[in-house]
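Participant: Each protein sequence line maps, in turn, to chains A and B. Oh and the first sequence: position 97 is 97 in this note's numbering, straight run, nothing missing. Positions in the second sequence are counted from 1; adding 1000 to them yields this note's numbering. Sending over a structure as structure tokens; questions will come in a sec.
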Amino acid sequence: MNREKLQGPSLPTSFGFEKEHELLRSQARRLLAERFDLRAFYDKPTSYRELYKELASLGWLATESWLATALLLEEIGRVLLPLPIAPALLAAQALPPDEREAVTSGEKLATVALDTEGPEFRGVPWIESGLFVAPSEGGLFYGDLPEVVKESVVDRTKPTARVSVARVPLRARCEIDLGAMLERAWLLHAAETLGAAEAVLSMTRDYAIERRQFDRPIGSYQAVSHPLVNVMIAVENARSLVIAAAAALDQGGACEVACRMAKVAACEALWLAANRGVQLHGGFGFTWECDVHFYFRRALYARGALGGSEAHRRRLAALLLDHGVQ
Amino acid sequence: MSELDAFRDEVRSWIREHRPAPPDFVLPQSFLEVETKEQLDYLRAWQRALFDAGYLGYDAPREYGGRGVDQARHAIVMGELARARAPFLLNAIGLRWVMPTILHYGTEAQKRFFVEPILSAEHLWCQGFSEPEAGSDLASLRARAEREGDRYYVSGHKVWTTLAHFADYMILLARTDPEAHKYAGLSYFLFPMKTSGVIIQPLVKMSGEGGFNQVIFDRAPMPADALLGEEGQGWDVAMTTLTFERGAAGVGGEASAASAEALSRLIELAEKVGAAEDPVFRDRLVALWIDVEAARQGERRSKVAALSADRPLALPMMQKLVRSEIEQRIAELGCQLMGDAARLSIDDPEAPDRGEWPRAYMNSFGFTIGGGTSEIQRNLIAERVLGLPRSR
Chain A
1 MNREKLQGPS LPTSFGFEKE HELLRSQARR LLAERFDLRA FYDKPTSYRE
51 LYKELASLGW LATESWLATA LLLEEIGRVL LPLPIAPALL AAQALPPDER
101 EAVTSGEKLA TVALDTEGPE FRGVPWIESG LFVAPSEGGL FYGDLPEVVK
151 ESVVDRTKPT ARVSVARVPL RARCEIDLGA MLERAWLLHA AETLGAAEAV
201 LSMTRDYAIE RRQFDRPIGS YQAVSHPLVN VMIAVENARS LVIAAAAALD
251 QGGACEVACR MAKVAACEAL WLAANRGVQL HGGFGFTWEC DVHFYFRRAL
301 YARGALGGSE AHRRRLAALL LDHGVQ
Chain B
1001 MSELDAFRDE VRSWIREHRP APPDFVLPQS FLEVETKEQL DYLRAWQRAL
1051 FDAGYLGYDA PREYGGRGVD QARHAIVMGE LARARAPFLL NAIGLRWVMP
1101 TILHYGTEAQ KRFFVEPILS AEHLWCQGFS EPEAGSDLAS LRARAEREGD
1151 RYYVSGHKVW TTLAHFADYM ILLARTDPEA HKYAGLSYFL FPMKTSGVII
1201 QPLVKMSGEG GFNQVIFDRA PMPADALLGE EGQGWDVAMT TLTFERGAAG
1251 VGGEASAASA EALSRLIELA EKVGAAEDPV FRDRLVALWI DVEAARQGER
1301 RSKVAALSAD RPLALPMMQK LVRSEIEQRI AELGCQLMGD AARLSIDDPE
1351 APDRGEWPRA YMNSFGFTIG GGTSEIQRNL IAERVLGLPR SR
């Protein structure tokens, strides 16, 4: 009966949150603020390979708790860090121990194709070289990344590539199945997107206080404050669902509904935040000088990647309403 | 099986065996619309039965007639009532708003006198805050309470007063010091309704139902010990009541259970009218489901301080706004699903679901307006959570 489906899984009351998670999050926030400058990256893109290695040495590419990983990804998304952290985390789930070690230590890069079927993959998170995990014949396989064609993208912090495995076949089957991999991918994507949404909310809120017109801060007008409240609600709802999905993954068991919901909620929150963010910044918001467009670009990337909101809702509807759908 | 699971099973089977048979008259959808004596008696008996069975009072200490505070059991009882679609609790104002306020501000004597009769529905409660000229701007209210000897005498005009025509007591906000600043001059009373100088006039709601009143006080007397808290402390006490009314203290999962139940009724309706395969309906239903689940997880997250550390007031202050708007969207989608049958009222025997969807949609505005409108909620969130400048 759909009544049972309507009430999701019961999760631990603390969602598995531990004191050290809080420390991890505040350290991550501080480190990223010190070491990464988004506008400088847009002015002069660099690979940040050293920063990547440093983050790996701090253990950011190994997953012990999905909740802790989600909190980290949120911080990464907040600054739009242009490093392939989520693909490495996902690849590590799929690879055998020796390859996994090379990836989690930061020695080798890795990426994962989950958006399209092969043998021509599109929208693959771009890396210069390394390992490649992709679906094939109903399972997940891995091999060395063949030569790729970089795509021209709107969001420069999310470079993607086209990969053809027609001539360089994937060499071995992974342990993890595609469904489990996708659930993890949705969660990480949601957490990173949530961070971006939070950042737009906070910069728009600051602007609404600082910018004055008719001798008053524009944030004192309800035409400005109420849309901001709506953005905040979308962000808080997304955060609740991201945390719940991470806790569900940590607990094991069925996670498809929780992870899809988190993906939809976070991408919709950023979509709304970016739309209102540009508008509420007024004439400044429409210029290159205002940082909001970096996040607007991320919204365009995030909503469609790993399945658009409509596709996820379509599947959620089937899970809820259609008998015999598992 | 854990102790709590056993308790849930026990409650579930008790409700199955003891719920009253559906009456031969139309029941209201919520405590806001109780209009007739037969509705009143039916609902009062049901709350009384639950109390006698020992299932009410897990939110009140034993020494005052409760079962001892036990959030988990309270949530189970409320969740099971929603799940069983059992009749609602008549004395909702007493249970959800008045009782926690009295437990917070009341004297020992007030707690001993008032708590148990609220649980048993022996005393019905109404709320006298709003006035014709004091709605969203509540603190500008003008009703006066003047002290003379060991009594106060009330004069003034309250409006939109749910259940006043049946209530034994009213939580009454009145001005005791007209010289003081508008917030500082207010006091909060536990006013006995069955007294001289109280005129109750029914108001008809947009749905055509009653249950709503205006109350005119003409030197209506009450004993001095009807004061809750100190004289001049009324605004703080009233804000505490509103905090409970808006669900900021966490409603123990009952709202989640009710929303899930409303969604499940919506799905049944869709199946009945052949819309369950319609992709437009399905997309909108799932969007609602996601919001309901987000509210459910948000309620749980609000209890883990570290998981809302960046914006601790956001979740509690969103509750009422988000819940009331979800309920409204569910009722609205129900009406849209009915297509041309949305024209049929509760009196038409062929109205799908006895016409409950149009009535629910109309009545849903009671919750997006009452207890602080959605617009006021957004102002409060903008100011207190986001730190934006005041909008006035």
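All C-beta atoms, glycine included, are put in the ideal place defined by N, C-alpha and C.
In this structure, what does DSSP give as the bridge partners for Met1170 of chain B?
Facilitator: What you label residue 1170 of chain B is simply residue 170 of the second sequence in a count that begins at 1. According to DSSP, Met1170 of chain B bridges with B:Cys1126 and B:Phe1191.
Participant: In whole angstroms, what is the alpha-carbon distance linking Gly1079 of chain B and Ser1136 of chain B?
Facilitator: Locating residue 1079 of chain B in the second sequence gives position 79, where the first residue counts as 1. Locating residue 1136 of chain B in the second sequence gives position 136, where the first residue counts as 1. Their Cα atoms are separated by approximately 32 Å.
Participant: Inspect the beta-carbon positions of Glu1293 of chain B and Gly8 of chain A and report whether they are closer than 7 Å.
Facilitator: Sequence index remark: in the second sequence, residue 1293 of chain B carries index 293 (1-based). Sequence index remark: in the first sequence, residue 8 of chain A carries index 8 (1-based). Cβ distance < 7 Å, so Glu1293 of chain B and Gly8 of chain A count as in contact.
Participant: Could you check whether the Cβ of Ala266 of chain A sits closer than 7 Å to any Cβ belonging to chain B?
Facilitator: As a working mapping, residue 266 of chain A is identified with position 266 in the first sequence. No, because no Cβ of chain B sits closer than 7 Å to the Cβ of Ala266 of chain A.
Participant: For Glu18 of chain A, name the three-state secondary structure that DSSP assigns.
Facilitator: Position 18 of the first sequence, counted from the first residue, corresponds to residue 18 of chain A. Note: Glu18 of chain A maps to coil in three-state DSSP.
Participant: Counting only beta-carbon separations shorter than 7 Å, does Ser220 of chain A have a partner in chain B?
Facilitator: Within the first sequence, the letter at position 220 stands for residue 220 of chain A. Ser220 of chain A counts as touching chain B.
Participant: In terms of residue numbering, what span does the alpha helix (DSSP H) encompassing Gln1233 of chain B cover?
Facilitator: Indexing the second sequence from 1 puts residue 1233 of chain B at position 233. That residue, Gln1233 of chain B, is in no alpha helix (DSSP H); it is neither H nor E in DSSP.
Participant: In terms of residue numbering, what span does the beta strand (DSSP E) encompassing Arg1013 of chain B cover?
Facilitator: Within the second sequence, residue 1013 of chain B is the residue found at index 13, counting from 1. One point to set straight first is that residue 1013 of chain B is Ser, not Arg, in the sequence displayed. Per DSSP, Ser1013 of chain B belongs to no beta strand (DSSP E); it is in the alpha helix (DSSP H), Glu1003 to His1018.
Participant: Going by DSSP, name the residue or residues bridged to Tyr142 of chain A.
Facilitator: Taking the first sequence and counting its residues from 1, the one referred to as residue 142 of chain A is at position 142. Paired residues: A:Val133 and A:Ala172.
Participant: Is Asp291 of chain A helix, strand or coil when you go by DSSP?
Facilitator: By 1-based counting over the first sequence, the position of residue 291 of chain A is 291. Asp291 of chain A falls in the coil class under three-state DSSP.
Participant: Check whether the stretch 313-323 of chain A and the stretch 1063-1079 of chain B touch, using three or more Cβ-Cβ pairs below 8 Å as the test.
Facilitator: The stretch 313-323 of chain A vs the stretch 1063-1079 of chain B: no contact.
Participant: Could you tell me whether the Cβ of Leu1263 of chain B comes closer than 7 Å to any Cβ of chain A?
Facilitator: Here residue 1263 of chain B is taken as the residue at index 263 of the second sequence, counted from 1. With 7 Å as the cut-off, Leu1263 of chain B counts as an interface residue toward chain A.
Participant: Can you give the Cα-Cα distance for Leu300 of chain A and Pro125 of chain A, rounded to whole angstroms?
Facilitator: What you label residue 300 of chain A is simply residue 300 of the first sequence in a count that begins at 1. What you label residue 125 of chain A is simply residue 125 of the first sequence in a count that begins at 1. Rounded to the nearest angstrom, the two C-alpha atoms are 15 Å apart.
Participant: Work out the CA separation of Phe296 of chain A and Asp155 of chain A for me, nearest whole Å.
Facilitator: Taking the first sequence and counting its residues from 1, the one referred to as residue 155 of chain A is at position 155. Taking the first sequence and counting its residues from 1, the one referred to as residue 296 of chain A is at position 296. Each residue's alpha carbon lies about 8 Å from the other.
Participant: I'd like the ranges of any alpha helix (DSSP H) spanning at least 4 consecutive residues and lying wholly in the stretch 1312-1364 of chain B.
Facilitator: With a minimum length of 4 residues, the continuous alpha helix (DSSP H) runs that stay inside the stretch 1312-1364 of chain B are 1314-1337.
Participant: Ser1046 of chain B touches chain A at which residues, Cβ-Cβ below 9 Å?
Facilitator: As a first step, residue 1046 of chain B is located in the second sequence; it is residue number 46 there, counting from the start. A quick correction: the sequence has Trp, not Ser, at residue 1046 of chain B. What Trp1046 of chain B touches in chain A: nothing, since even the nearest Cβ is about 22 Å away.
Participant: Let me check understanding here. Comparing Cα to Cα, which of A:Ser65, A:Ala302, A:Tyr52 and A:Trp60 lies closest to Phe17 of chain A?
Facilitator: Within the first sequence, the letter at position 17 stands for residue 17 of chain A. Closest option to Phe17 of chain A, Cα to Cα, is A:Ser65.
Participant: Please report the straight-line C-alpha distance between Thr193 of chain A and Ala265 of chain A, rounded to a whole angstrom.
Facilitator: In the first sequence, residue 193 of chain A corresponds to position 193, counting from 1. In the first sequence, residue 265 of chain A corresponds to position 265, counting from 1. So the alpha carbons of these two residues sit roughly 10 Å apart.
Participant: Hey, how far is the Cα of Thr1241 of chain B from the Cα of Ser1391 of chain B?
Facilitator: Your numbering for residue 1241 of chain B matches position 241 in the second sequence. Your numbering for residue 1391 of chain B matches position 391 in the second sequence. Those two C-alpha atoms are separated by around 24 Å.
Participant: Jot down the residue ranges of each uninterrupted alpha helix (DSSP H) in the stretch 91-116 of chain A, minimum 4 residues, whole runs only, in chain order.
Facilitator: Fully enclosed alpha helix (DSSP H) runs of 4 or longer: 97-104.
Participant: For Ala986 of chain B and Arg1311 of chain B, what's the separation of their Cα atoms in angstroms?
Facilitator: Missing from the structure shown is residue 986 of chain B; chain B here goes from 1001 to 1392 and no further.
Participant: Within 8 Å, do at least three Cβ pairs link the stretch 136-148 of chain A to the stretch 170-178 of chain A?
Facilitator: The stretch 170-178 of chain A vs the stretch 136-148 of chain A: in contact.
Participant: Given that Ile233 of chain A touches chain B, what residues does it touch there, using C-beta distances under 7 Å?
Facilitator: What you label residue 233 of chain A is simply residue 233 of the first sequence in a count that begins at 1. Within 7 Å Cβ-Cβ: Met1318 and Val1322.
Participant: I'd like the list of long-range same chain contacts for Lys1158 of chain B, defined as Cβ closer than 7 Å, with 5 residues on each side in sequence excluded.
Facilitator: For this step, residue 1158 of chain B is matched to residue 158 along the second sequence. The residues are Gly1128, Ser1130, Glu1131, Ala1143, Gln1214 and Val1215.
Participant: Hey, could you find the ends of the beta strand (DSSP E) Gln1201 of chain B is sitting in?
Facilitator: Along the second sequence, one-based indexing puts residue 1201 of chain B at 201. Looking at the DSSP string, the run of the beta strand (DSSP E) that includes Gln1201 of chain B is Val1198 to Leu1203.
Participant: Could you give the distance in angstroms between the alpha-carbon of Ser309 of chain A and the alpha-carbon of Glu117 of chain A?
Facilitator: In the first sequence, the residue the question calls residue 309 of chain A occupies position 309. In the first sequence, the residue the question calls residue 117 of chain A occupies position 117. Straight-line Cα distance between these residues: approximately 19 Å.
Participant: Is there a Cβ from chain B that is less than 7 Å from the Cβ of Gln7 of chain A?
Facilitator: As a working note, residue 7 of chain A is residue 7 in the first sequence. Closer than 7 Å to some Cβ of chain B, the Cβ of Gln7 of chain A qualifies, so yes.
Participant: Mind pulling the chain B residues with CB within less than 7 Å of Ile76 of chain A?
Facilitator: Counting from 1 along the first sequence, the entry for residue 76 of chain A is found at position 76. Near Ile76 of chain A there are no residues of chain B at all, since even the closest Cβ is about 16 Å away, more than 7 Å.
Participant: In or out: Glu1033 of chain B buried (at least 16 other Cβ within 10 Å) or exposed?
Facilitator: Here the question's residue 1033 of chain B lines up with position 33 in the second sequence. Counting Cβ neighbours within 10 Å, Glu1033 of chain B comes out buried, since at least 16 surround it.
Participant: How would you call Leu23 of chain A, buried or exposed, if buried means at least 16 neighbouring beta carbons within 10 angstroms?
Facilitator: Taking the first residue of the first sequence as 1, we reach residue 23 of chain A at position 23. Leu23 of chain A comes out exposed.
Participant: Does any residue of chain B have a CB that is nearer than 7 Å to the CB of Glu4 of chain A?
Facilitator: Translated into the one-based positions of the first sequence, residue 4 of chain A becomes position 4. Not closer than 7 Å to any Cβ of chain B, the Cβ of Glu4 of chain A fails to qualify, so no.
Participant: Using a beta-carbon distance cut-off of less than 8 Å, what residues from the stretch 1274-1288 of chain B approach chain A?
Facilitator: Answer in chain order: Ala1276, Pro1279, Arg1282, Asp1283, Leu1285, Val1286 and Ala1287.
Participant: Are the Cβ atoms of Val1098 of chain B and Ile1171 of chain B separated by less than 7 Å?
Facilitator: Along the second sequence, one-based indexing puts residue 1098 of chain B at 98. Along the second sequence, one-based indexing puts residue 1171 of chain B at 171. Cβ distance < 7 Å, so Val1098 of chain B and Ile1171 of chain B count as in contact.
Participant: Could you pull the DSSP bridge partners for Met1222 of chain B from this structure?
Facilitator: Taking the first residue of the second sequence as 1, we reach residue 1222 of chain B at position 222. Note: Met1222 of chain B sits in a beta bridge opposite B:Tyr1152.
Participant: Determine whether the beta carbon atoms of Ala185 of chain A and Leu270 of chain A lie at a separation below 7 Å.
Facilitator: To locate residue 185 of chain A, count along the first sequence from 1; it is residue 185. To locate residue 270 of chain A, count along the first sequence from 1; it is residue 270. Taking 7 Å as the Cβ cut-off, Ala185 of chain A and Leu270 of chain A do not qualify as a contacting pair.
Participant: Quick one: what does DSSP say Gly324 of chain A is sitting in, helix, strand or coil?
Facilitator: Walking along the first sequence from the start, residue 324 of chain A turns up at place 324. Three-state DSSP puts Gly324 of chain A in coil, outside helix and strand.
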